[in-house]
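>
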Amino acid sequence: MGIAHHEVNFDSVTFENSAICINLPNKKQITVVSIYRPPHGLIDTAELNRIFCSNSQVICFGDFNAKHSSLTNRNGHLIYDWVNNNNFSIIAPLLPTYFSNSYALNATLDFAVVKNISAAEAVAINALHSDHNPVWFEFLLQMFSPSHSDILQPQIGTDSRISSPGIFRATQQSTALEILRKQ
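According to UniProt numbering, the stretch in the sequence shown is residues 1 to 183, in order.
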């Protein structure tokens with residue numbers, strides 16, 4: 001059993017993309033998009049709007065070729081202004097993701113833009129012999145997994161007594177160790 005999802009197509013002239021829509025257990029969906037934008041030309045925010053209007057929760061990550069940390073290039077300003085005007089968030093690693101032969105050209109070009117995602121983290125990983133470091137993204141999705149009571153109730157039922165002798169003995173031993181540590 002995998003994660004229920006389906007492919008989504010977003011036609012774009014200014015970037016390549018691969019997208020899916022994940023069906024969450026609470027009958028909601030989240031759109032996840034991986035993008036690559038070539039280094040030349042301007043970002044078309046209308047194309048990004050189509051992606052972000054597709055769902056109430058969206059994660060769009062990849063190589064935007066727009067400098068995030070310094071925001072000194074035109075595409076960096078376009079993304080920054082677009083994100084702020086739409087109340088989205090940029091999730092980017094602290095370290096640069098792109099390395100040039102010139103130290104002055106190191107930049108964070110790989111990041112995520114998210115909509116209605118409350119917690120996320122990005123870490124650049126120095127693992128490849130490439131001018132780009134891969135980025136590990138971790139997102140905390142509310143209501144993605146069933147609640148604890150939904151998991152435990154069918155497993156242990158309403159009777160809270162421990163009927164397994166092994167679990168009962170382990171609980172007693174753990175309690176005994178705690179008592180010994182306090183003495």
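Idealized CB from N, CA, C, for every residue including glycine.
Quantities reported herein were computed from a predicted structural model and do not represent experimental measurements.
Just the Cα atoms here: how many angstroms apart are leucine 95 and leucine 42?
Translated into positions along the sequence shown, residue 95 becomes position 95. Translated into positions along the sequence shown, residue 42 becomes position 42. The alpha-carbon atoms of leucine 95 and leucine 42 are separated by roughly 24 angstroms.
> As an exercise, report each continuous beta strand (DSSP E) stretch of at least 3 residues that is fully enclosed by the stretch 24–63, in chain order.
Entirely contained in the stretch 24–63, the beta strand (DSSP E) runs reaching 3 residues are, in chain order, 29–36 and 58–63.
> Confirm, please, whether the CB-CB distance from alanine 122 to isoleucine 79 is below 7 angstroms.
Position 79 of the sequence shown, counting from 1, holds the residue named residue 79. Position 122 of the sequence shown, counting from 1, holds the residue named residue 122. Cβ distance not < 7 angstroms, so isoleucine 79 and alanine 122 don't count as in contact.
> Can you confirm whether the stretch 126–136 touches the stretch 81–90 when touching is taken to mean that 3 or more C-beta pairs between the two stretches lie within less than 8 angstroms?
Flag = no, the stretch 81–90 and the stretch 126–136 do not touch.
> In whole angstroms, what is the alpha-carbon distance linking isoleucine 3 and isoleucine 20?
Working through the sequence shown from its first residue, we reach residue 3 at position 3. Working through the sequence shown from its first residue, we reach residue 20 at position 20. About 11 angstroms.
> Using a 10 Å radius around the Cβ and a threshold of 16 neighbouring Cβ atoms, would you call tyrosine 36 buried or exposed?
Looking up residue 36 in the sequence shown gives position 36. Flag for tyrosine 36 reads exposed.
> What's the C-alpha gap between tryptophan 82 and asparagine 9?
Taking the first residue of the sequence shown as 1, we reach residue 82 at position 82. Taking the first residue of the sequence shown as 1, we reach residue 9 at position 9. Their backbone Cα atoms lie some 22 angstroms apart in a straight line.
> Starting from isoleucine 79, trace the beta strand (DSSP E) in both directions and tell me its first and last residue.
Here the question's residue 79 lines up with position 79 in the sequence shown. No beta strand (DSSP E) contains isoleucine 79, which is instead part of the alpha helix (DSSP H) from 74–85.
> Note the first and the last residue of the continuous beta strand (DSSP E) segment covering leucine 140.
Position 140 of the sequence shown holds residue 140. Leucine 140 -> beta strand (DSSP E) spans 135–140.
> Say whether the stretch 52–59 touches the stretch 27–35, bearing in mind that this needs 3 or more beta-carbon pairs closer than 8 angstroms, one atom from each stretch.
Yes, the stretch 52–59 touches the stretch 27–35.
> Are alanine 119 and leucine 140 close, meaning C-beta to C-beta below 7 angstroms?
One-based indexing of the sequence shown puts residue 119 at position 119. One-based indexing of the sequence shown puts residue 140 at position 140. For alanine 119 and leucine 140, yes; Cβs fall inside 7 angstroms.
> Leaving aside the five residues before and after asparagine 126 along the sequence, list all residues of the same chain whose C-beta is less than 7 angstroms from its C-beta, in chain order.
The residue given as residue 126 occupies position 126 in the sequence shown. Contacts found: Asn133.
> Residues in its own chain within less than 7 angstroms of lysine 115 by CB, not counting five upstream and five downstream?
Counting from one through the sequence shown, the residue named residue 115 turns up at place 115. The residues are Phe52, Gln57, Val58 and Phe88.
> How big is the Cα-Cα spacing for cysteine 60 and glycine 76?
Position 60 of the sequence shown holds residue 60. Position 76 of the sequence shown holds residue 76. Taking the straight line from one Cα to the other gives about 16 angstroms.
> Looking only at its chain, what residues have a beta carbon closer than 7 angstroms to the beta carbon of glycine 62, apart from the 5 residues adjacent to it on each side?
Your numbering for residue 62 matches position 62 in the sequence shown. Here the set comprises Ser34, Ile35, Tyr36 and Asp110.
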